[in-house]
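Worksheet: the structure to be examined is printed underneath.
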Amino acid sequence: MDSNQNNSRGQSANLSSNPLYYQFGSDNPLLSMGMQQPFHPFTSPFGASSSTNIPQMDWNPGTMLDNLSFIEEKIRQVKDVIRTMVDNGGQLTYRPGELGQQQQAVNADLTCLIVQLISTAGSLLPSLKNSSFLSHPPAGHMEMANHVGSSSSMVPNTAAHSEDNNEDLCSPEDYEELFKGFTDGAVEDTEIENVLVEEQDTKDGDEGGDAGMDGDNLPPGSYELLQLERDEILAPHTHFCSICGKGFKRDANLRMHMRGHGDEYKSPAALAKPPRDASAEHAPVKRYSCPFIGCKRNKLHKNFQPLKTILCVKNHYKRSHCEKSHTCSRCHTKKFSVMADLKTHEKHCGRDKWLCSCGTSFSRKDKLFAHVALFQGHTPALPSDEPKDSSDQVGLPGSHQEPAKLASSVGSFMWGNSSGDDSALDVKGLDSCSDDFLSTANFGSFNFSFGQLDEFVYAVPSRSIEAGSGMPATASEHEASLTDWSIC
Amino acid sequence: AAPTPDRAGPPHRASRSPTTTPSSPSSPSSSSPHKSAAFLAFLGVSFSAPGPKRIAAALFDRPTDGMSREGQKLDQAGGGGGVGILVLSLDLLGQVLDRLSEPRDRKACRLVSRAFERAEAAHRRALRALRRERLPRLLRAYAALERLDLSACASLDDASLAAAVAGAGLGIRTVCLARASGVGWRGLEALVAACPRLEAVDLSHCVGAGDREVAALAAAAGLRELRLDKCLGVTDMGLAKVVVGCPRLEKLSVKWCREISDIGIDLLAKKCPYLRSLDISYLQVGNGSLKSISSLEKLEELAMVGCSCVDDEGLELLSKGTNSLQEIEQCFLSKLATLKETLTMLKLDGLEVSDSLLQAIGEGCVNLVEIGLSKCTGVTDEGISSLVAQCSHLRTIDLTCCNLITNSALDAIADNCKMVERLRLESCSLINEKGLKRIASCCPNLTEVDLTDCGVNDEALQHLAKCSELLILKLGLCSSISDKGLAFISSNCGKLVELDLYRCSSITDDGLAALASGCKRIKLLNLCYCNKITDSGLGHLASLVELTNLELRCLVRITGIGISSLAIGCKSLIELDLKRCYSVDDAGLWALARYALNLRQLTISYCQVTGLGLCHLLSSLKCLQDIKMVHLSWVSIEGFEMALRAACGRLKKLKMLSGLKTVLSPELLQLLQAYGCRIRWVNKPLVYKDG
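Protein sequences, first through last, are from chains A and B.
Just so we're aligned, residue 1 is where the first sequence starts under the UniProt record's numbering, counting upward by one.
Just so we're aligned, residue 1 is where the second sequence starts under the UniProt record's numbering, counting upward by one.
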């Protein structure tokens, strides 16, 4: 006892005289090596994550400027197209059906431009309805525009108008009518998105064209045909808060949001759904065309089948012509471009099969359990692959294979050579070598040897054995003292 | 059982026990072969009279300095001339060992005598391992092992468990893996494969365990007992695996496994007809489950605390089906009628209980042994009187927070329930020394009394001191208790094991001196906020060799010196709380690192320690699993980093300031988590308090 005490006192004296232990950090190379990493996060750049998505409305002047120059560019293109139309104006004749179609196309193009403008200047949305804005529209935005992609389509009557003067070719009435069409469309959009869930569940939201064939298969020309642009289809939000600029997909959500800005938005009138215009009843039936040339849903296709709603356009376009960017977090294989599709899939992914050990599968858990209860020896089968993603939770079973891997990567003192491979444990090997691997020299080396601490932190087993043998107490002594205090 | 690792001094030191007598009446070394019968007879007598502790003393008592030499001599003599302990067969020695209740004494035996060591190797049934490195060798050494407790085994993981049980463990029946968060399904599969006779497994509080782990256990067809408390990942699927795989299940606890639903319980009831005990507390199961459970004919014990979806209707279903139910723990409502004859234990915690209901219980359940009325509103003196008038067999009465009762309720208990052993009266502030006087004189069997927040005084303790059988005494928040009161207790309650003096701020070092001289068996002691205590008080405590849990929160006067004497004296210390002991410095940690080798839980938040002390502490204490270190403002980030690296395989719980989350290296945090360590990040301002 006394000798031990002396020993420890000697050691502590040793340590206190050892300069290494009072300078954490600074000039210890080992330490600074290990420490460098943790300090980096401090210097992480700020603001690099700001959205670069153009249609996304936020109060970043840079983005705003980008959007405006984008619109400007587009207007210039449209202007050029119209100019060519003006030049060829009187020479071409059109079939009556085609004429109507061209008219629709112009409407669509205008709508497109306006939507673009509105999503840029989102704060002006509530004031759009007042006539002062409509009757004095900014001059630069009034050019009639045609779709650049379908440059071959021309509209005679607008062309006739534009013969006079490009600046005032569009009277306020025309504009108002156009705008009404647009706002109606927007309202309809909201409504449709509100019923999105049912549509998804019944699976008929798909392609929308099914609806077109389901009974109301309208003959071409009996409806107003609109074609939205790619940017417009993919624009995430259509309703913007006039105070903070936050964007929403649904007007109802915007109205809920507005309540947070003050009591004046909490009145029943403000919260009520804006009344639908009576004139909307008489608005012509609208159908939509996909902007992707060559698509069956594009108006130029031989067997063109129009899409019924804007939602159908959105879903069709994303499903057929966009990258599938949403990956299922359960199976990691299925990909979707429409978020709702992913959610529907995830609801069933990995669960749609409740398997019994006998191989029978069931669609519902209670059915499986009833089966298991009925037959002797049958048992539910767990999915063979690790179903859980352990990255977000601590201590899930999946993470149990990790320590060995991690430990070896850190160079810590993890023993055993079966480092985390997925096969069964190499128990035999471990057992045969356990006498060496498990000797206390590995673990006991720093029992009395605080002096080896820096070694220990990054020690690999062989080094710690060396360290242990250099200690006054030999390994066997360690063993003797360990034999009894490791149990009771 | 308290673990007794002791590597500080030479091994024989550990065998010193306070009851040793200077000489033994019959020295085994002088015995001849035919004397062994007489020797055994002596043993037999001794077993009944002075208790097992005395035997160890009698067998091995020598002047302590020469003890190990003597032991060796004894052993050599035995080996050479056929005399001494060796003449006894291993069987007989095993019998001797069986009757030694204290692990400390068994250890003394095996350390001084090879014969005893061999006997123990052949005979030992239970093992509680604290370090995984020794595990394979230990399991091979003790071939007859039946019960294996790995709940305190530091940094146990799949590979080490598999390696340990691979060669040995054929006879193992019971395995406790509670809180062994590093063990996953691979380890369990290996365990089940290596232990064909496995009957009981405790996986409780392995929060990461899920269906795969449980499915691995399902391969043990002979399983009878299974505890899965707080295995959060277990769903109906896992439960189904177990109930199909282990049809002989008798005891099952799935407390807190919130993913288990009625469907799983239904299958359980169908597949495990032998179930005797079931705990479904805090599950979200409804009356449907109770209907299934009611078909279990052998069920005797059912705990369903906090099953909020169960109501009267479900209980009615339950009472129709089963007729052997003996114990119920539940937020009970009213349908007691059909169970009343067999019911022995009833807990109504947290309900509104009227006098008439208590009277009905008293009339119906005459065999009641335990009644729990903790936090019940509406319990009055009249209610208690009418209850105890009928139930004279009551041994445990829990009246926690029934703050309407007065001395007259105590009088009623004292008059009717002479057998009462446990009496919990926390927050019953209307009682005083007069009531306790009656209780103390009428109920000599009292072993546990909880008077927390009752405002009792020294006089009450003087009366209570009559109960010499007292094991547990809780006096927290009774600030009028002084050293005088403690002196009464320590003069007569020598068996005391647990004492709670939380915020008894009048207590000084003298009180602790009296305590340490009178109550040598104390294992758990709480002295939080008794801020008159100084280092010399801790010096007195150092003589309590059996102390395992000690809380010293906010003792602002104690320093490293006091901690040192404590660490040297109290070798069995497992849990120590030094939060807000502002004067404790590195010297204290060095002492702990050097001597308190059994320490498993430690709180050093707000102490004045540095990174150096922390590193040394964490690299030295091999059993440490849980450390709280909030606001160690003297420890640098490097200090934390180094200390945690040194202990990262062993720690299971960690509490630190959330500010460290971003500055500690991510790879270290990953490693900690991969080893199953749960880190609790707290974010609170540094505020100094002193009382």
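Heads up, the beta-carbon is just placed ideally off N, CA and C, and yes, glycines get one too.
Predicted model only: the values in this text are computed from it and were never measured.
Check whether the Cβ of residue i lies closer than 9 Å to any Cβ atom in chain B.
{"i": "A/K365", "result": "yes"}
{"i": "A/H348", "result": "no"}
{"i": "A/T63", "result": "no"}
{"i": "A/T309", "result": "no"}
{"i": "A/T379", "result": "yes"}
{"i": "A/L226", "result": "no"}
{"i": "A/L382", "result": "yes"}
{"i": "A/F362", "result": "no"}
{"i": "A/F369", "result": "yes"}
I'd like the span of the alpha helix (DSSP H) that includes residue i, first residue to last.
{"i": "B/G364", "result": "D355 to G364"}
{"i": "B/N407", "result": "N407 to N416"}
{"i": "B/E213", "result": "D211 to L217"}
{"i": "B/G676", "result": "Unbroken run through B/G676: none, as it is neither H nor E."}
Between the alpha carbons of residue i and residue j, how many angstroms are there, rounded?
{"i": "B/K298", "j": "B/L351", "result": "29 Å"}
{"i": "B/L525", "j": "B/P666", "result": "39 Å"}
{"i": "A/S363", "j": "A/V338", "result": "25 Å"}
{"i": "B/L547", "j": "B/L515", "result": "13 Å"}
{"i": "B/D349", "j": "B/E426", "result": "14 Å"}
{"i": "A/K314", "j": "B/E316", "result": "57 Å"}
{"i": "B/S479", "j": "B/A440", "result": "21 Å"}
{"i": "B/D577", "j": "B/L668", "result": "26 Å"}
{"i": "B/L436", "j": "B/L527", "result": "23 Å"}
{"i": "B/E575", "j": "B/W681", "result": "21 Å"}
{"i": "B/G613", "j": "B/W590", "result": "6 Å"}
{"i": "A/P126", "j": "A/D251", "result": "At A/P126, the pLDDT of 47 sits below 50, so the modelled position is not reliable and the matter cannot be decided from this model."}
{"i": "B/Q462", "j": "B/L343", "result": "37 Å"}
{"i": "B/L88", "j": "B/D98", "result": "15 Å"}
{"i": "B/D585", "j": "B/G560", "result": "6 Å"}
{"i": "A/G245", "j": "A/L311", "result": "24 Å"}
{"i": "B/E259", "j": "B/C428", "result": "39 Å"}
{"i": "B/S658", "j": "B/C677", "result": "16 Å"}
Compare the C-beta of residue i against all C-beta atoms of chain A and say whether one is closer than 9 Å.
{"i": "B/V682", "result": "no"}
{"i": "B/V244", "result": "yes"}
{"i": "B/K270", "result": "yes"}
{"i": "B/D229", "result": "no"}
{"i": "B/K241", "result": "yes"}
{"i": "B/D453", "result": "no"}
Starting from the C-beta of residue i, find all residues in its chain whose C-beta is less than 7 Å away, skip the five residues before and the five after it, and write them out in chain order.
{"i": "A/T379", "result": "S357 and V372"}
{"i": "A/K365", "result": "W354"}
{"i": "B/A646", "result": "C615, L618 and S619"}
Report all residues from its chain with a CB closer than 6 Å to the CB of residue i; omit the five preceding and five following residues, and keep chain order.
{"i": "B/S517", "result": "none"}
{"i": "residue 692 of chain B", "result": "A question about residue 692 of chain B goes unanswered here, because the residues of chain B that appear run from 1 up to 691."}
{"i": "B/S374", "result": "D349, D398 and T400"}
In three-state DSSP terms, what is residue i?
{"i": "B/A200", "result": "strand"}
{"i": "A/N253", "result": "helix"}
{"i": "A/M64", "result": "helix"}
{"i": "B/R594", "result": "helix"}
{"i": "B/Q601", "result": "strand"}
{"i": "B/N492", "result": "helix"}
{"i": "B/A141", "result": "helix"}
{"i": "A/P380", "result": "strand"}
Tell me which same chain residues have a C-beta within less than 8 Å of the C-beta of residue i, skipping the five on either side of it?
{"i": "A/P306", "result": "G209, G212, L218, Y223, L225, R287, Y288, S289, R297 and K299"}
{"i": "B/V687", "result": "none"}
Going along chain D in order, which residues have a C-beta closer than 8 Å to the C-beta of residue i?
{"i": "A/A373", "result": "The question asks about chain D, but that chain is absent: this structure's protein chains are A and B."}
Over what stretch of residues does the beta strand (DSSP E) that includes residue i continue unbroken?
{"i": "B/A126", "result": "A126 to R128"}
{"i": "A/Q227", "result": "E224 to Q227"}
{"i": "B/V449", "result": "E448 to D450"}
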